[in-house]
Every structure is written in C-alpha cells, then in structure tokens.
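To get the numbering used here, take the position in the sequence shown, counting from 1, and add 59.
Built from N, CA and C at the ideal position, the CB exists for glycine as well.
The structure displayed is predicted, hence computed values, not measured ones.
Reviewing the structure listed below.
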Amino acid sequence: MRALVTGCQGFLGPFAVAALQRRGFAVVTTARRGGDAAVDLVGRGMVDAVLEAFAPDLVLHLAAQSRLDACERDPAAARLVNVVLPAELAGRLGSRLLAVSTDLVFDGRGAPYGERAPVAPLSVYGATKAEGEERVLAAGGRVARLPLLFGPDAHGRGASASLRRALLGGQTVPLYTNEYRTPLHAADAAAGLAELLPLCSGPAVVHLPGPERLSRWQFGQRFCAVHGLDASRLVPVECQDPLRPRDVALVGSWRAERSFATMLAEA
Ligand SMILES: NC(=O)c1ccc[n+]([C@@H]2O[C@H](COP(=O)([O-])OP(=O)(O)OC[C@H]3O[C@@H](n4cnc5c(N)ncnc54)[C@H](OP(=O)(O)O)[C@@H]3O)[C@@H](O)[C@H]2O)c1
Numbered sequence: 060m061r062a063l064v065t066g067c068q069g070f071l072g073p074f075a076v077a078a079l080q081r082r083g084f085a086v087v088t089t090a091r092r093g094g095d096a097a098v099d100l101v102g103r104g105m106v107d108a109v110l111e112a113f114a115p116d117l118v119l120h121l122a123a124q125s126r127l128d129a130c131e132r133d134p135a136a137a138r139l140v141n142v143v144l145p146a147e148l149a150g151r152l153g154s155r156l157l158a159v160s161t162d163l164v165f166d167g168r169g170a171p172y173g174e175r176a177p178v179a180p181l182s183v184y185g186a187t188k189a190e191g192e193e194r195v196l197a198a199g200g201r202v203a204r205l206p207l208l209f210g211p212d213a214h215g216r217g218a219s220a221s222l223r224r225a226l227l228g229g230q231t232v233p234l235y236t237n238e239y240r241t242p243l244h245a246a247d248a249a250a251g252l253a254e255l256l257p258l259c260s261g262p263a264v265v266h267l268p269g270p271e272r273l274s275r276w277q278f279g280q281r282f283c284a285v286h287g288l289d290a291s292r293l294v295p296v297e298c299q300d301p302l303r304p305r306d307v308a309l310v311g312s313w314r315a316e317r318s319f320a321t322m323l324a325e326a
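Below you can see the structure in the form of structure tokens.
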C-alpha cells in the first residue's frame with residue numbers, strides 16, 4: 060500500500076512517516092518546502108497534480124496552518140489551508156483520506172469531549188479546523204482529532220523541547236494552571252494514525268487522547284521531575300486569553316499503548 064503524507068516537514072510529519080514505514084507502507088511525502096514533492100497544495104491544480112503523480116492508495120493529511128497567531132492575523136489564508144484544501148482532498152479520495160484535526164475545535168466548557176460532542180471553537184484556528192472537519196466528513200472522508208503533542212524532534216519543536224531549552228538556558232517559564240489538555244507523545248500519535256489510516260470503513264471521527272488530563276503547569280512539573288530539571292523556574296500563571304479553551308480533555312475508544320510516564324521519559 061502506498062501512503063501519501065502531506066505536511067511531512069512539520070512537527071508530526073517525521074513521526075508519522077516512521078510509523079507508517081514500520082507498518083509496511085510505501086510512503087511518499089509532500090510539504091511546501093520539502094518532501095518528495097515540494098508544492099503549495101492550495102495552488103490551483105496542485106492537489107490533482109500530486110495525486111496523479113503519486114497515485115496513493117491512502118492519504119494522511121497533516122498539512123495545516125497550525126499557528127494560532129497566524130490564523131488570527133490572516134483568517135482567509137488559514138481557511139484556504141485548513142478548510143478548502145482538506146475539502147478538496149476529501150472530494151477526490153473519500154474514505155481513503157484521514158485528515159488530522161485538533162482538540163481546539165472545542166470551547167473548553169464541556170470536557171471531557173467524546174467523538175460525538177458538538178464543536179464550538181473559540182479561535183480562528185479552531186474554527187477553520189472545525190469547518191475543515193465538516194467538509195471532509197460531508198465528502199466521505201475521515202477525521203482524527205489530536206490533543207497537544209510533545210516529544211523531541213530534530214528541529215527542537217514541540218512543547219517539551221521548548222520547555223527544556225528555556226530551563227537549560229536559565230529562563231523562568233510561565234505555565235498555565237487553568238489550561239487542561241490530554242497531551243500525547245508525537246510518536247504515540249503517529250502510531251495511532253498509522254493504525255487508523257487503512258481502516259477506511261472504520262468510524263468517521265476518532266479521538267487520540269493522551270493517557271492523562273493535565274494542566275500545562277502539571278505537565279511542566281512532571282517533565283522536570285522525570286528529567287531532573289529545576290522546577291523552581293516554572294511560574295504558575297492563570298490563562299486569561301479568551302481564544303484558549305480552559306479544558307479540552309479528549310476521550311475515545313482509542314488508547315495509547317504507553318503510559319504518560321514512559322512518554323515523558325522519551326520527551
Ligand atoms: N502539534 C500539535 O500539538 C498538534 C495538536 C493537535 C493537532 N495538530 C494537527 O496535526 C497536524 C500536524 O501538525 P504539526 O504540528 O506537524 O504542524 P506544523 O508543524 O505546523 O506543520 C505543518 C505542515 O504543513 C505544511 N503546509 C502548510 N501549509 C501548506 C500548504 N499550503 N501546502 C502544502 N503544505 C503546507 C507545512 O509545510 P512547510 O513546513 O514546508 O511550510 C508543514 O510541513 C495539523 O493538521 C495540526 O492542526 C497538531
């Protein structure tokens with residue numbers, strides 16, 4: 060089976076490619092600035108060109124405008140990537156498309172959120188991802204919602220890498236005590252996505268929650284304890300940002316194989 064991974068140059072991309080290869084897929088990749096085909100997929104005719112060139116059996120769609128600030132600054136551009144692009148892919152591929160979405164489609168007032176919970180996004184990022192989901196599902200595609208991801212990547216991206224860098228650099232790090240997520244190691248998220256990708260007749264929406272519900276502050280404390288870092292540099296702060304939901308803990312039938320402690324040790 061040939062699997063195409065879009066957005067392969069992002070934080071999750073390399074984890075996803077490795078997980079698919081471990082499951083025996085022949086993997087082809089695309090991103091704006093890298094992969095087997097470096098293309099801007101929102102460009103006219105680009106989706107058809109890439110699908111024709113690679114003829115994938117299945118597509119794992121990761122490409123997104125995932126920066127909250129960039130989405131707020133330019134909602135029209137965010138909508139092109141987060142709504143129009145997955146809709147176009149789903150129109151071509153139906154259930155052979157697995158599009159990745161986010162816990163930020165929820166407003167934080169109804170946690171824990173199961174797969175059937177109604178979406179109510181607070182930010183442009185959340186709203187465009189929610190509309191993207193709706194368009195994908197209407198075209199017969201599938202959606203996997205992910206929580207906050209962490210884990211080491213080659214470029215030092217992700218929640219745990221930036222925390223480690225700041226602490227080792229002697230900085231104090233403000234962390235929200237009132238923003239709860241179900242964080243998941245990117246390798247475990249990728250393993251879950253690789254498991255789901257071939258299940259074309261499976262459920263249309265699947266959640267991949269991490270094993271525990273934690274605030275960012277609790278995450279920082281646990282991370283410091285596991286890695287012997289100085290937790291006294293973590294500063295507890297209350298989030299007041301109206302665009303950030305306070306509790307978007309996910310639940311679902313999928314379970315990560317590893318415990319949170321094991322994931323943290325590898326972060
Ligand atoms: N990271 C998290 O904690 C998290 C949590 C929940 C859900 N998610 C979702 O998981 C997916 C992957 O997240 P991520 O953190 O890996 O994202 P990321 O680091 O922001 O990477 C996004 C990828 O999309 C590509 N891309 C963006 N616009 C494109 C376009 N117009 N044409 C082609 N490629 C384009 C980028 O290519 P270039 O790098 O070449 O520009 C990059 O490879 C996203 O759908 C995101 O919404 C992520």
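D247: beta carbon under 7 angstroms from a heavy atom of ligand 1?
no
How is T65 classed by DSSP in three states: helix, strand or coil?
strand
Spatial neighbours of Q280 within its chain, please: CB distance less than 8 angstroms, with the 5 preceding and 5 following residues excluded, ordered by chain position.
A290, L293
Suppose you measure from the CA of A326 to the CA of E316; what does that come to, to the nearest Å?
16 angstroms
Let me make sure I understand the geometry here. Which of V106, Y235, L139, A263 has the alpha-carbon closest to that of Q277?
Y235
Taking the alpha carbon of T231 as the reference point, which residue from P270, L267, L288 has its own alpha carbon closest?
L288
Entirely within the stretch 165–232 and at least 4 residues each: give me those alpha helix (DSSP H) ranges in chain order.
183–197, 218–227
Output the boundary residues of the beta strand (DSSP E) element that contains T241.
Neither: T241 is in no beta strand (DSSP E) and is coded neither H nor E.
Short of 6 angstroms in beta carbon distance, which residues of its chain neighbour A78, apart from the five on each side in sequence? Order them along the chain.
A249, A250, A253
In the DSSP assignment, the beta strand (DSSP E) including V265 goes from what residue to what residue?
264–266
Where T321 falls: helix, strand or coil (DSSP):
helix
CB-CB under 6 angstroms to H266, same chain, minus the five flanking residues each way: which ones, in chain order?
E174, R204, L309, G311
For L100, three-class secondary structure by DSSP:
coil
Looking only at its own chain, which residues have a Cβ that is under 8 angstroms from the Cβ of E190, when we skip the five neighbours before and after it?
R138, N141, V142
So what's D116 in DSSP terms, helix, strand or just coil?
coil
Between the stretch 161–169 and the stretch 209–229, are three or more C-beta pairs nearer than 8 angstroms?
no
Exposed or buried, what is E297 when buried is set at 16 or more other beta-carbons lying within 10 Å of its beta-carbon?
exposed
DSSP bridge partner residues for L71 (one or two, in chain order):
In the DSSP output, where bridge partners are listed per residue, L71 has none listed.
When the Cα atoms are used, what is the spatial distance from P115 to R194?
21 angstroms
Between the Cα of V106 and those of L226, V64, Q124, S125, spot the shortest distance and give me the residue it belongs to.
V64
Kindly indicate which three-state DSSP category G93 falls into: helix, strand or coil?
strand
Option in R275, R155, L119 with minimal Cα separation from P73
L119
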